[in-house]
Structures are given as structure tokens and as C-alpha cells.
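Note that the protein sequences, when read in sequence, are chains A and B. The C-terminal position of the first sequence is numbered 166 in full-length UniProt numbering, with every residue numbered one higher than the one before it. The C-terminal position of the second sequence is numbered 1019 in full-length UniProt numbering, with every residue numbered one higher than the one before it. For each residue, glycine too, the CB sits at the ideal point set by N, CA and C. Since the model is a prediction, treat every value here as computed from it, not as a measurement. Accompanying notes for the structure given below.
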Amino acid sequence: MIRAVMVMNTLGKPRLTKFYDFQHVEQQQELIRRVYAVLCSRPENVSNFVEAESIFGPDTRLVYKHYATLYFVFVFDSSENELAMLDLIQVFVETLDKCFKNICELDIVFNYSKLHTILDEIIFGGQVLETSSTEVVKAVEEISKLESAANAIIPKSVSGWLSRST
Amino acid sequence: MAMSGMRGLSVFISDIRNCQNKELERLRVDKELGNIRTRFKNEKGLTPYEKKKYVWKMLYIYMLGYDVDFGHMEAVSLISAPKYPEKQVGYIVTSCLLNENHDFLRLAINAVRNDIIGRNETFQCLALTLVGNIGGREFAESLAPDVQKLLTSSSCRPLVRKKAALCLLRLFRKNPDVVNVDGWSDRMAQLLDERDLGVLTSSMSLLVALVSNNHDSYWSCLPKCVKTLERLARNQDVPQEYTYYGIPSPWLQVKTMRALQYFPTIEDPNTRRSLFEVLQRILMGTDVVKNVNKNNASHAVLFEALALVMHLDAEKEMMSQCVALLGKFIAVREPNIRYLGLENMTRMLMVTDVQDIIKRHQAQIITSLKDPDISIRRRALDLLYGMCDVSNAKDIVEELLQYLSTADFAMREELSLKAAILAEKFAPDLSWYVDVILQLIDKAGDFVSDDIWFRVVQFVTNNEDLQPYAAVKAREYLDKPAIHETMVKVSAYLLGEYSHLLARRPGCSPKEIFSIIHEKLPTVSTSTVPILLSTYAKILMHTQPPEPELQNQIWAIFSKYESCIDVEIQQRAVEYFALSRKGAALMDILAEMPKFPERQSALIKKAEDTEADTAEQSAIKLRAQQQTSNALVVTDQRPANGTPAVNQLSLVKIPSMSNVDHDLGDQGVTQTNGTLTVVDPQPPTPSGGDLLGDLLGPLAIEGPPAVSVLSERNLVSGVEGASYADERLAIAPVEEQANTVQPIGNIEERFHALCLKDSGVLYEDPYIQIGIKAEWRAHQGRLVLFLGNKNTAPLVSVQALILPPSHLKMELSLVPETIPPRAQVQCPLEVVNLGPSRDVAVLDFSYKFGTYVVNVKLRLPAVLNKFLQPISVSADEFFPQWRSLSGPPLKLQEVVRGVRPMSLMEMANLFNSLRLMVCQGLDPNPNNLVASTTFFSDNTRAMLCLLRIETDPADRTQLRMTVASGDPMLTFELKEFIKEQLISIPTAPQAPAPVPTQAQPTKSPTASSDPGAMLAGLL
């Protein structure tokens, strides 16, 4: 199972984080900080694996990829294959690239909500949902269409359901 | 500036980005949270767009590390909104901010269910995503059937079905009962015929979860997995969008092979052949190419195939092919592949027969120790540690030592511990071992724990041949300019004990030794000073005839420390000062240390205890199986007091009193107690076999020691018992005489230890020691009780009565009424087992000594497991048996809580020592154990018993146990028996509890009237 996905920049600022087992917000920050401390000290041209048990506890592994100013980090347990996880990071990044055309850090910063949508189409409750970036892009476009359709028609009032539910 | 769907959110993010420091960011965040809170309060005015915007801002703030503790109710209530945008916001924010135990979540179950059973596919996806991310038990119970329906529905789009598969996986994890095995296994098999690769991938993940829990019911899926693998890897029958860098869905290939690893074996020869064909193709057809992504993907598949081959226990030829591949990998440029090559080689060590092939790659592995990547260096260290044995220990340890000077600080501690363990386990000779440890202290003193240097002292003390060598080495290190404090400690200790052996060498006169050690005094901490003081006292004692100048110097130091604020130092200074003026008494008390009893190395135990990752664990497990070097466990063969050493491999050290005799004799001191034999009554260490296995041999009696020995033993106990260096040489005060006769050692622990082994001490007090040696054959047993009188006066009115339980027939031979002084009486006891029961026989034992009447009731270790005979069962035999014993009362299952936490390996050791043979590899889940044994009794024939333990790695205090046998009574009793062992047993069987007899001087009523004892008391 995948335990966490983190995207952070090379200064340690989180750009997207998702924990598939619940962590308190302080704990999340602590984990991000410790992962960053390890990553920023790693030279170029080394492996993509980092010892994670001292950070995330027993039976955890961590793979990461470094793209320009960003680190993409997946944390998972021994039920997953390390290199397959690395592939998945690549799928995620390639999908982002397709959705944003030459993705850069700013795209990620300002399209925070879209990033969540894309990630949710790739990883579902800590399990791999889809590995074909073509399929992911299709699903995300469908959702965008629904969103813009709804935005186009300004609803007259939403008080109807509110009064029912309260 | 990049465009976003929500301008408000972009502006907010911009603002945050423009904050110069954390304080400004916090202000901005607080302002925004205030704003959102107010807006939420009068919801009426909020458009869906605004709601969505605020909720995303909340999520962004949450990611930055600020707690968002409001708006939860609003988020949950949005789930039941009729329109997509609001519903989407409700779902997303709920699944990000809430956890599965949140109360509000319960409120949403109905709304979520409505979306799942509704016709709107977009809503279905939203609902499934929420449940898949945070659904708990309640969701599992109310939603599982609906989710199953979606998954198997032919009218649903793949987009929905793949989510349903993973959603069901989550619900199954929360409550395994929601998936009805009987009904579901067929449908699971059908799901594997799916053409859509997205749905198939999710279904495969679901299958992995299901088979990891219960592979029995999903046999029908096995051939389908092989078919899927053939479709992908052989036929390459995959749509374009699922081809990743030219490789047909590597992800699905990996998952499929993972699923196959949960089946213990593949019985059908055709399926097995097809699978091996595909595996062969994968193993041979993968090359390292330029494109990194392609490499990663193809090797993901390859490494999974390697794991599957190892699991299937393929023929040797294929195995050596795998090792050859790994050997290639650890030398390639691509760091990821190097890393995984090393890791998988470590796993491979578990497979027999390939270790020699792995050894051929030793040079390459050592090179990896210098890799620029610490992750790879760690793997290389693990592998070297795992592959080390007597044949290559010298090379490997020397490499580790060399590497130590340049290693990262993060690795030094682990490195030095591992080097020390390997040096100890596989030393080709003892002087090499001493060299290694001293180098270790020299190069990485900060990382050398006290255990390591205590251990070297133990070995040197126990091996006379080594003592001059060690002293020379210690002396050499003292010449170095700046040495580590640990080096000061160990050198000072060794030179205090043995520098007199060097007397004729240049630079080794007592005076020179003293002054070079004393030079270090100003630089050491208070914990080292006591050791130096002891060394001075020892030097003084060894300097014969006394040199007045040296004497005055040392006395001056002692009197200087007489008022030291540190109690330990003060006490030693006062005592040594007083002692050194007593002449002969100084000789007695400060004589050379007696030998240490052998025990399990604290180091190795420590290494076993530390939480290790799987690769490392397998390396350690391997350690336990490998033959260790004998260099460090050779017993002193010289007969002491005419008693031949009993067993060459025995770890008992018989302290050679003749040695002390000799030393003391030189000084013209009469040895008052030269006839005493001190045999270590400590239970055997697990690695060493039966220590007391030879009670039939010499008398195992510890007599009340006379003064010199008493005080000497005090010194010993100070060293052994103390965990802090500063206590090490303290002279323990003699305890006050107790009024009643107290047993020595814990009776309970001794009993438990004897349940696991066949000889040892059952009971001991100051007057008597009762040992047991037992032999078991099928349903019969023969125990011999050894009653040893430890005193110089007889024990009278001795009575031994056996109270047998109904299932045991027991016959004790005659026990004499009187046991003469220092004599040992053997009383055989015949046992016949009639049936399974946990009831225990009791020995009611009494005797009189002087005015003391002692009566104890002791449980006898004629327990259930003694009538077991371990039997190895292959998968082909095990599974049919297991299935044929279908349920109660022949097969019983129970969840046991409050289990003494132990690692799986400890548990396996425990079972093996209970004569339940752990069958490796039968259970595909690494967290489970399967064991088999045969039970013998007069009433039942030989009965096969099977056992399965399922542990939860997250919670070691509970496990699920299933016991099966052909007899309901036996099943029940065995289950209860094992449960008792898991819950209550002390740590004794693993590492024998420190035996108190060693730690405290045995008391004798005569001791109080003995002037020597009074003297010792004064000290």
C-alpha cells in the first residue's frame, strides 16, 4: 500500500501532500521536514531509494524523483515493488505534463485543486488505480468539463438543499 | 502567471508566496481562516463557486501545516447536495480533512450509499473515492454488497468498476467478513478474465489482498494469473495506452507475480511449466538500456520475477541463473539496479546452495561499500554481514574496519556493531579478534558500545594464551598520542590484570606502565577513574618486591581521591588504600580475575533484538543457522582438581583454581580453599547446547566459598552484574544474613526453562541444588533428579514425594533420607504419558539442615511438549491434512491477546524449542508461521498436530492461532498450552536469565563466624 505522496520543492516547501493513513497536521509537517532533510543532502546520479524506516516506521520504503525544482516522493510498504513505484511517479509527472503542457513548479502551485484531481485518478486509497496516463487524462478532462459546465450556469439559489439538510 | 480555474484561490496562493517570513504567512493564513469562518456562518449568501473556492483555500492552508478545525460539518453536509460542483467539494474536503474515526462521517453514510446505488456515474466515482480513502468498519458493513454489485456489473463503465474494486479492497481490510469467501471466489476468478486493463489492474490488487489473507479459497485464480502473465509478457496482447516505454503494462505484470507469491506452491504441472516458461523469458530477455524509465520498468518486472522464482523454489539451475543475473546487476552503472541487486542478493542468501556462488561476487560487493550513494552502501553492508562466515570473515571484517575511517557518521555505529559481531562469531583465531576490537575502538571509539569492550575483556580473561598478547597490544595503543577514552578503559583494565606477564619487556616495568596510564587520568571522565584506580591497586599488588617510590605515588593518588565527591571513586580509593596496607589480604582480594561463565554474547543478542528490515532480518536469521567459529568457545581443557572437563564443546568454564594457586603460592600465601570446585550453575546458552547436560559427570555443587574466593567472586559479580562501567570493580558489600532459607534464582523461570530443554537446575538454595536431566522417547520419559548437598554438614530428613496428575504414570526410585556433605544423589523417575493434558506433576520436597526445615513444592517439567516429536511436513502433505481437519473440535482457532511481544524469529525459535517444527515457506504470508509435530501418548496413537499462527506486524501483542489434530482433546490442550507459552513465558528460554547465584555470594551459616568472612564484610 502507498502510505503517502509528497511533492515539495528543492527548498522544502510542500506543493502537494496526501497521506493515505491519517496523520495529524503537525505530524505531517514533521514528516515532510524529515524527508526533505534527507533528500536535500543527496547528490545527483545516485539511486532513487532512501532508507525510510527511521522516519515512517518499520516496513516502509521511500522512492523519489527529482525534476528541476521539485521532488516527487512516494512512501509505501513492502507489498509494493520499488521500481514500479518509480514508474508510477513517472506516470504522474507525464500526466501532469500532458495536462499542463510543459509543467513547471508554478503550474503546480497555482493549480493545486487540479493536482488533487489528477492524483486521485492515479492513486486510490493507497492503491494504484490507473497506470495509463492517456486514461488518466481522459478521466480528468471529463471532470473538468463537468466543473466548467456547472460554473457556466450560475445557479439561482442553493438554499433549497440547504434548508432540507439543516 | 499560470491560469487557474479559481481566481480567488490563485490570489490567495500568490499572497502566501509573497510573505517574507513564516510570521507574515501565519498572519495571512489567520486572516483568511477568519474570513472563511464568517462566510460559512451565513451560508445563504454563498454560491457553489465561492464554497468551492473557500474549501480549496482550507485545503491549501492545511497542507501548509495549519490545523483547520472548522467547516467539517459544512463539508460533510455538502455531500448530499444535488449538483455536481457542491457534491465534489463536499467529497474532496471530507476525504482530506476527516479520518475514518470522525463522528461526522457516520452522518454521511446514507448520502454516500445513495450516490453509490444511484445511476449517476460521476456521483458513483466521487462516493467510491471517499469510501476508498477513509471508509471505516461501519462503511464496510453497510456498503460492501453495493460496491460488489458495481464491480461485477456489466453495465458499468470501467472507470467506475476499477474504483469499485479498490473500494472493496479497502472495505475488506476494514472488515474481512464483508467478503463472503464462498460466494466471492468464483466471481474473483471471473474478474481476472477482464479485458480492460484498468479494471484488471485494480482487480489484481484486490486479489493480492484476498489471497494474502486466505489463499486456500482462491486456488481457482492461480491459473488465471498465469494466463494474464502469458498474455502480457509472452503475447504482448495489450492496447497501446497500456504499453509503457515499450513494455506491456509493467505494473500489471508485477502485481500478477506478486499475487502468485501468495500461493504456497503450484501443484498443477502444466500451469507450473507455463509459468516457468514466462519467467524464463523475463529473466533472459531483459537488458540494461539507455533510457532510464524503460530500464526501471523492465527491471521492476525482472526483480518481481526473481522474487517469484525464489518463492517457487526453482531448480538449482534456474537459481544460479538468478544469482548470475544479480551478479551482473550489482556491477552496472544504473544505481537503482545496483541497489536492488544487492538487496535481492541478501534475500537470496536464505536460499540454500547459492551462498558459494554469491561469495564469488565478494570483491564487487566490497566495492559497493564505497559507492557514492549511502542507500547502496547500506545494502552492501547488509549483504556483507549476511554472507560472512568462517571462510571469509577475515577479509570482510578487515574491509569493514578500513571503511570505518571514511564512513558517514550515520553508518558508523551500525558498522562497528556489525564488525564486532562478525569478528566474534567467525574469528579464525583469538589474537585476530583482539586486534579487530582494539582497532575498532581506536578508529570509532564513540560508536563502540560498552558491550563490545566488556566482551573482549571476557575473552581475554577466559583464555590464558591470549593474555600476554592482549597486554602487549594494550600497551602499544597507550603510546599513541590521543586515544579514545574507551581505549583508556580497556587498556587500563587489561594492563592491570596482565601487565605483570610483560615484566621483562622494555617499557613494561610496573613503574612505566603506571606512569603511562596515569598520564591519561587528567583527560578521562569520572566513569573511567574507578577503573584506573583498580589498575593502580593491581599494579601495586603485582609489584613484588614492593617499590617504595611507586607505592608512595599510588598511595598519594588514593588519599587524594579519598575525599572525592563521586561515591564510587571515593569508595574505591578508601578501600584500596586500606587494602594495600594489609599485605597478604591485598593479594587475596586483588588476585587475578577468575574466568567468566560463558553466556550469549550481549552483542549478538542486541543485534537480534534491534528492529531490522526484512533483508537484514534474513541476514540475521542466517547468522543463527551458520556454523560459527569455534575459536572463541574453546573450554579450558585442563583438569581442575582432578575432574576432567566434561564436554569439549560445552560452554561451561571451570575456573582453573590451580592458576590462582600458583600465583598465590609464589607469594607464599596459603590457599585456604584449594579443594573447591566451582562449577557455573548457569543454564546453558541457547547456542551452546546442554551445559548441564553432564550432571552425570562431576558434582555440580557450589559450596560456600571461603574468604578469598568470596571476595574474589564479589569482584566478579561487580563486573558481571553492573551495566555501568563505574560499578565494575566495586567490591560488593556482603549482604546481611537472611532469617529464612531463600531459594536462589527464580523457581518459576527455572521451571519454564526446563520446559524447553531437558537438563538444568530445577531448584537451588544455599544448602541444596536439585538438577534434572531427562530423556524422552515417544510417550515415555526418564527423568533423573540430582540432589546435591552444598554444605560441609549432611542434609537430613530428606523426603521427595511425587504428586502426579491423572494423565501421567510416575515412579520415583528411593530417595535416601540423608545426603552426606558435598555429595550428590541421583534419583531416577519413570514417566508414562497416558493422554493429552496440561496438568503438571509436582515434586513435594523437604529436608532439614541444622534448625532449618525446608519444604518446597516444585512443578516437574514433564509437560505436554515433552511428548511431542517434531516432524517436518512438506506442502503436499500439509495442505490436504489441514483441509481435512475442517473445523471444531478437531481444528480450533482463537485470537490470543496480551502476547509477550517477540519477533517472528523469536517465536519460531520458541516453537522449535517446544518441539513444534516450524515449516519455513509453507505460509506465503511472511507474518505467519506454520508448524507441525507428532504427539505421543499411551491412549492415542501417534497424532499429527498442525499449527498456524498469524501475527499482526502492527500489533505484536495479539495473534490468531489455529491448531488442528485428529483428537479433539489434544487440539484443545495443545492450543491452551501454546497460548500459555506465548503469554506467560519469561525471557529465560532465549537468553537464560542472569542467574542470581553468580550475582550474589552464596551465604552459609558458617560464613558469619568465619573471621575471613567478617573481614570481607568490613570491606
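Exposure of residue i, with buried meaning 16 or more beta-carbon neighbours within 10 Å
i, result
"Thr-526(B)", "exposed"
"Val-853(B)", "exposed"
"Val-567(B)", "exposed"
"Pro-597(B)", "buried"
"Ser-375(B)", "buried"
"Ala-75(B)", "buried"
"Met-73(B)", "exposed"
Beta-carbon contacts of residue i that lie in its chain and below 8 Å, excluding the five residues immediately before and after
i, result
"Val-896(B)", "Gln-958, Leu-959, Arg-960, Met-961, Lys-979, Leu-982, Ile-983"
"Gln-439(B)", "Leu-401"
Span separating the alpha-carbon of residue i from that of residue j
i, j, result
"Ser-656(B)", "Arg-581(B)", "Low confidence applies here, because Ser-656(B) scores a pLDDT of 37, under 50, leaving its location unreliable and the question unanswered by this model."
"Asn-336(B)", "Asp-353(B)", "27 Å"
"Arg-859(B)", "Asp-389(B)", "42 Å"
"Arg-61(A)", "Ala-503(B)", "58 Å"
"Lys-290(B)", "Ala-954(B)", "41 Å"
"Lys-316(B)", "Ala-127(B)", "51 Å"
"Met-204(B)", "Leu-191(B)", "9 Å"
"Leu-651(B)", "Tyr-36(A)", "Residue confidence for Leu-651(B) is low, a pLDDT of 31 falling below 50, so the modelled location carries little weight and cannot support an answer."
"Gly-12(A)", "Ile-32(A)", "8 Å"
"Asn-83(A)", "Glu-86(B)", "What sits at residue 83(A) in the sequence shown is Leu, not Asn. So the two alpha carbons sit approximately 38 Å from each other."
"Pro-1005(B)", "Leu-795(B)", "Confidence in Pro-1005(B) is poor, its pLDDT being 40 and thus under 50, which makes the residue's placement too unreliable to answer from."
"Glu-80(A)", "Leu-890(B)", "37 Å"
"Val-831(B)", "Gly-771(B)", "17 Å"
"Pro-901(B)", "Arg-956(B)", "5 Å"
"Glu-105(A)", "Lys-65(A)", "14 Å"
"Ile-247(B)", "Thr-69(A)", "29 Å"
"Asn-909(B)", "Tyr-536(B)", "46 Å"
"His-102(B)", "Val-208(B)", "29 Å"
"residue 1039(B)", "Gly-386(B)", "The displayed coordinates of chain B run from 1 to 1019. Any statement about residue 1039(B) would go beyond what the structure contains."
"Leu-801(B)", "Asn-833(B)", "19 Å"
"Ala-615(B)", "Ser-77(B)", "Below a pLDDT of 50, predicted positions are generally treated as unreliable, and Ala-615(B), at 42, falls in that range; the measurement from the model is reported next regardless. Straight-line Cα distance between these residues: approximately 48 Å."
"Asn-939(B)", "Gly-835(B)", "6 Å"
"Pro-506(B)", "Glu-476(B)", "12 Å"
"Ser-813(B)", "His-779(B)", "20 Å"
Closest residue to residue i among the options (Cα-Cα distance)
i, options, result
"Val-490(B)", "Arg-504(B), Ala-503(B), Ser-874(B), Thr-528(B)", "Thr-528(B)"
"Met-930(B)", "Phe-878(B), Glu-894(B), Val-301(B)", "The identity of residue 930(B) in the sequence shown is Val, whereas the question assumes Met. Nearest of Phe-878(B), Glu-894(B), Val-301(B) to Val-930(B), Cα basis: Phe-878(B)."
"Ile-366(B)", "Asn-101(B), Ile-396(B), Ser-375(B), Ile-357(B)", "Ile-396(B)"
"Arg-915(B)", "His-215(B), Pro-548(B), Cys-755(B), Ile-516(B)", "Cys-755(B)"
"Trp-251(B)", "Leu-275(B), Lys-149(B), Leu-197(B), Lys-51(B)", "Leu-197(B)"
"Leu-143(B)", "Arg-157(B), Ala-165(B), Leu-159(B)", "Ala-165(B)"
"Gly-327(B)", "Asn-133(B), Ala-591(B), Lys-359(B)", "Lys-359(B)"
"Met-943(B)", "Met-969(B), Gln-920(B), Asn-928(B), Asp-923(B)", "Met-969(B)"
"Ser-932(B)", "Leu-466(B), Asn-912(B), Ala-81(B)", "Asn-912(B)"
"Leu-107(B)", "Glu-138(B), Ile-116(B), Gln-124(B)", "Glu-138(B)"
"Glu-194(B)", "Gln-148(B), His-779(B), Thr-228(B)", "Thr-228(B)"
"Leu-206(B)", "Ser-298(B), Arg-258(B), Ser-515(B)", "Arg-258(B)"
"Gln-920(B)", "Gln-355(B), Pro-880(B), His-311(B)", "His-311(B)"
Contact set for residue i: own chain, Cβ-Cβ below 6 Å, skip 5 residues either direction
i, result
"Thr-792(B)", "Pro-821"
"Val-524(B)", "Glu-485, Val-488"
"Gln-869(B)", "Thr-934"
"Pro-139(A)", "In the sequence on display, residue 139(A) carries Ala and not Pro. Once the five neighbours on either side are set aside, the close Cβ partners of Ala-139(A) are Glu-121."
"Arg-948(B)", "Val-930, Thr-962"
Per-residue contacts from residue i into chain E (C-beta, under 7 Å)
i, result
"Val-254(B)", "No chain E is present in this structure, whose protein chains are A and B."
Cutoff 7 Å; reference residue i; Cβ partners in own chain excluding five residues on either side
i, result
"Val-254(B)", "Ala-300, Val-301, Glu-304"
- Message: As an exercise, report each continuous alpha helix (DSSP H) stretch of at least 4 residues that is fully enclosed by the UniProt domain "AP complex mu/sigma subunit" (1-146) of chain A, in chain order.
- Response: If one requires a minimum length of 4 residues, the alpha helix (DSSP H) runs lying completely within the UniProt domain "AP complex mu/sigma subunit" (1-146) of chain A are 25-39, 53-56, 82-100, 105-110, 112-122, in chain order.
- Item | Contiguous beta strand (DSSP E) assignments of at least 3 residues, all confined to the stretch 271-309 of chain B | none
- Go through the stretch 829-914 of chain B residue by residue and report every complete run of the beta strand (DSSP E) that reaches 3 residues or more, in order. Fully contained in the stretch 829-914 of chain B are the following beta strand (DSSP E) runs of length 3 or more, in chain order: 842-849, 852-859, 868-870, 891-896.
- In chain order, each alpha helix (DSSP H) run of at least 4 residues that lies wholly inside the stretch 107-171 of chain B: DSSP runs (the alpha helix (DSSP H)) wholly in the stretch 107-171 of chain B: 121-134, 137-152.
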